[in-house]
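Numbers in the numbering used here are just positions in the sequence shown, counted from 1, shifted up by 1. Glycine included, C-beta positions come from ideal geometry on N, C-alpha and C. Fair warning: this is a prediction, and the values are worked out from it, not measured in the lab. See structure below.
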Amino acid sequence: MIRDFDQLHKYDKLFSNKWNLREEKTHEKDILPMWVADMDFETAPAIEAAIKERADTAIYGYASETKEYFEAVCKWFSERHNWHFSATDIVYTAGVASALVIGLHTFSQKNDGVLILTPVYHKFFQIIHNTQRTLVQSPLLHTDDGYAVNFTDFEDKIKKYRPKIFILCNPHNPVGKVFTKDELEKMAQICFTYNVMIFSDEIHGDLVFEGKKYTPLASLSPEISERIIACTSPSKAFNLAGLRSSSIIISNNDIRKKFKNTIDFFGYPKINLFSLPATIAAYTQGAAWLDEALSYIEANRDFALTYLKQHLPMLQVHKPQGTYFLWLDFRAYAMSSKNLEQFLLHTAKVWVNQGYAFGDDGIGFVRMNIACPRSILQKALQQIRTALATLPKKTVNK
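The following block contains the structure:
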């Protein structure tokens, strides 16, 4: 084993949002934080070594992309995901969220519509609101097997509201769906029929479980790759979110030029010095670590599903196909969003993301991060079980 994923760390010494803000945000000192989308694991040894080597130079001036960086990104996606693009297609940004803001400013105007599939990553709502665009929502169908695209509604919303941009999240945060090739092709076909640009947030693309396959949207055809912006990053898969690095893949020369012009116009943050060696190490020497981490997270997923089935059968959850989230359905317990939030914080003492943050279709759900040592996951589930046992019978919908 490359790393001991069961190891507990002194998280309060890490300047960690997840761990250091517990008491300030929840007023509970001993609460278990299962919310922020990062891991509680040490990253790959090669990444650690690369960052230390760069730090040891004691020269921390401005940085620029190198040939090694571009080659590492191209090779990783070519060999790991059969997605082929050139170095000139890559645009570095300080995170995928920043890239989405840049994209909305570049390819839409104030009040233009932006389409999303809900429930979805809460920052999509914030970005659309903050850039003064108009939110257009197409709810995913909640089926017995998980979630599916409602293609009739998807196309109807485009016909009615004429959005300029569709933001796709694949793998999907928070529900853990990995879209199939057929689903991706159909969404692209509909969008292009009505001249809707696609921003494909694929930040969780390397976090897909056994039996499922991540298909980069741009890899489907040259025609698709020329009409989309694809957002990638090693941050989720290699636990590097604090380095603020993403590789935006834009094959169309005109689109890429306009995108880069907006970066220059707004003076968006330049390259994080340590993100370059970290990205190179991740994509050239991190595969074995990632495979082990993914296996561990998958085992966490299976452990949690078994626990819930045995001890909390009313707490519904679909088996996620990717990401490191569980999307837990608490609706059978008949609590308002506010009451559910307070109940989990102060009775169960487990800090999760509330479903309402992911849109109205997320009300009654919560998102739990399971990229943590199994002992923490087990403790969180036990605390939820103990807390639910205290509820009066009348509050439960049978």
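Just mark residue i as buried or exposed, buried being the case when its beta carbon has 16 or more other beta carbons within 10 Å.
| i | result |
| --- | --- |
| Glu203 | buried |
| Thr233 | buried |
| Lys399 | Because Lys399 carries a pLDDT of 47, less than 50, the predicted location of this residue cannot be relied on, and the following value inherits that uncertainty. Counting Cβ neighbours within 10 Å, Lys399 comes out exposed, since fewer than 16 surround it. |
| His319 | buried |
| Tyr93 | buried |
| Phe16 | exposed |
| His123 | buried |
| Gly62 | exposed |
| Asp183 | exposed |
| Leu141 | buried |
| Lys158 | buried |
| His173 | buried |
| Asp90 | buried |
Classify residue i as helix, strand or coil using the three-state DSSP reduction.
| i | result |
| --- | --- |
| Gly114 | strand |
| Ser17 | coil |
| Lys399 | Note that Lys399 scores a pLDDT of 47, beneath 50, so its modelled location is shaky; the value from the coordinates is reported in the next line. The answer is coil: DSSP assigns Lys399 none of H, G, I, E or B. |
| Phe125 | helix |
| Leu392 | coil |
| Ala149 | strand |
| Met336 | coil |
| Asn354 | strand |
| Gly62 | coil |
| Ser220 | helix |
| Thr119 | strand |
| Met35 | coil |
| Ala242 | helix |
| Gly212 | coil |
| Ile225 | helix |
| Thr44 | coil |
| Gly363 | helix |
| Leu316 | coil |
| Gln322 | coil |
| Ser276 | helix |
| Leu9 | coil |
| Thr132 | coil |
| Ser412 | Shown here, the chain extends from 2 to 399; a query on residue 412 therefore has no answer. |
| Ile3 | coil |
When you compare the CB positions of residue i and residue j, do they come within less than 7 Å of one another, or not?
| i | j | result |
| --- | --- | --- |
| Ile52 | Ala279 | yes |
| His130 | Gly323 | no |
| Ala100 | Ser247 | yes |
| Arg1 | Ala95 | Nothing about residue 1 can be reported from this structure: the residues present for the chain run from 2 to 399 only. |
| Gly177 | Pro314 | no |
| Ala64 | Leu274 | yes |
| Glu293 | Ile48 | no |
| Val353 | Met336 | no |
| Ile250 | Phe6 | no |
| Leu382 | Tyr308 | yes |
| Cys170 | Val137 | no |
| Ile168 | Phe126 | no |
| Phe359 | Pro164 | no |
| Glu29 | Lys380 | no |
| Phe239 | Ala283 | yes |
| Trp84 | Pro223 | no |
| Thr107 | Lys259 | yes |
| Asn254 | Arg375 | no |
Does the beta carbon of residue i fall short of 6 Å from some heavy atom of the ligand ADP?
| i | result |
| --- | --- |
| Asp255 | The model depicted lacks the ligand ADP and carries no ligand whatsoever. |
Mind checking which residues open and close the alpha helix (DSSP H) that includes residue i?
| i | result |
| --- | --- |
| Leu345 | Where Leu345 is concerned, there is no enclosing alpha helix (DSSP H), given that its DSSP letter is neither H nor E. |
| Ser99 | 97-108 |
| Val74 | 68-82 |
| Leu295 | 288-312 |
| Ile204 | Where Ile204 is concerned, there is no enclosing alpha helix (DSSP H), given that its DSSP letter is neither H nor E. |
| Met188 | 182-194 |
What residue range does the beta strand (DSSP E) around residue i cover?
| i | result |
| --- | --- |
| His1 | Shown here, the chain extends from 2 to 399; a query on residue 1 therefore has no answer. |
| Asn370 | 366-370 |
| Leu327 | 326-330 |
| Ile250 | 247-250 |
| Thr27 | Here Thr27 belongs to no beta strand (DSSP E); instead the alpha helix (DSSP H) covers 23-27. |
| Thr263 | From DSSP, Thr263 is part of no beta strand (DSSP E) but of the alpha helix (DSSP H) over 254-267. |
| Phe167 | 166-170 |
| Thr94 | 91-94 |
Since residue i contacts residue j with CB under 8 Å, what's their CB separation in whole angstroms?
| i | j | result |
| --- | --- | --- |
| Asp31 | Asn21 | Not quite, the Cβ-Cβ distance comes to about 14 Å (not below 8 Å), so this is no contact. |
| Val367 | Phe331 | 6 Å |
| Lys19 | Pro34 | 4 Å |
| Ser201 | Ile166 | Between Ile166 and Ser201 the Cβ distance is about 11 Å, and since that is not below 8 Å, they are no contact. |
| Glu211 | Glu299 | 6 Å |
| Tyr215 | His82 | 6 Å |
| Phe304 | Leu378 | 7 Å |
| Leu105 | Arg134 | 6 Å |
| Leu241 | Thr44 | 6 Å |
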